[in-house]
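Undergrad:
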Amino acid sequence: MFTGHLIRNFVYTPWVTGLTTWFISRDIHHAASVCRRFFWSDLNLWPDQLPEHAMVVLCEQDTLLPVQDVVTMLQSEAPHGRKQKQQKQCGI
Numbered sequence: 001m002f003t004g005h006l007i008r009n010f011v012y013t014p015w016v017t018g019l020t021t022w023f024i025s026r027d028i029h030h031a032a033s034v035c036r037r038f039f040w041s042d043l044n045l046w047p048d049q050l051p052e053h054a055m056v057v058l059c060e061q062d063t064l065l066p067v068q069d070v071v072t073m074l075q076s077e078a079p080h081g082r083k084q085k086q087q088k089q090c091g092i
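The letter at position 31 of the sequence shown is residue 31 when you use UniProt numbering, and the numbering goes up by one with no holes.
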C-alpha cells in the first residue's frame, strides 16, 4: 500500500476474472470508504513494525499488490542477523 498500487488496482482496474472481487470493489459503501476515507498513515504496516519472527507470505501472480516492490522493501530494511527464507513460486 505504500506506493498506492493496491488501492488503485482494486478500485480502478477492470476485472477480467474474479467477478466477486469486482462486485466488492464496486459496492457503494466500500468504494466510498476506500476512495474517500482511507488514511494511508493509519493503515500502512512497515517492516520495522513487524514482530521478530513474522512471516510475510506473498504470491507472485497477485493482481493487486506490486509483489516485487514489497519483497525489495522487506529485503532492504530487514534487520541484520534476521534470516530470510528462499522465495517459492505461488501455485495459483
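Where is the CB? At the ideal position from N, CA and C, for every residue including glycine.
A78 by DSSP, collapsed to three states: which one?
TA: Taking the sequence shown and counting its residues from 1, one reaches residue 78 at position 78. The answer is coil: DSSP assigns A78 none of H, G, I, E or B.
Undergrad: Do E77 and P47 have their beta-carbon atoms positioned less than 8 Å apart in this structure?
TA: Residue numbering aside, residue 47 sits at position 47 when the sequence shown is read from its first letter. Residue numbering aside, residue 77 sits at position 77 when the sequence shown is read from its first letter. For P47 and E77, yes; Cβs fall inside 8 Å.
Undergrad: When burial is assigned at 16 or more other CB atoms within 10 Å of the CB, is V70 buried or exposed?
TA: Stepping through the sequence shown from its first residue, residue 70 is reached at position 70. V70 should be labelled buried.
Undergrad: Just the Cα atoms here: how many angstroms apart are V67 and A54?
TA: One-based indexing of the sequence shown puts residue 67 at position 67. One-based indexing of the sequence shown puts residue 54 at position 54. Spanning the two alpha carbons is a distance of roughly 17 Å.
Undergrad: According to DSSP, is V71 helix, strand or coil?
TA: On the sequence shown, residue 71 is found 71 positions in, with the first residue counted as 1. V71 falls in the helix class under three-state DSSP.
Undergrad: With a Cβ-Cβ cutoff of 8 Å, do V56 and L74 count as a contact?
TA: Taking the sequence shown and counting its residues from 1, one reaches residue 56 at position 56. Taking the sequence shown and counting its residues from 1, one reaches residue 74 at position 74. Yes, they are a contact pair.
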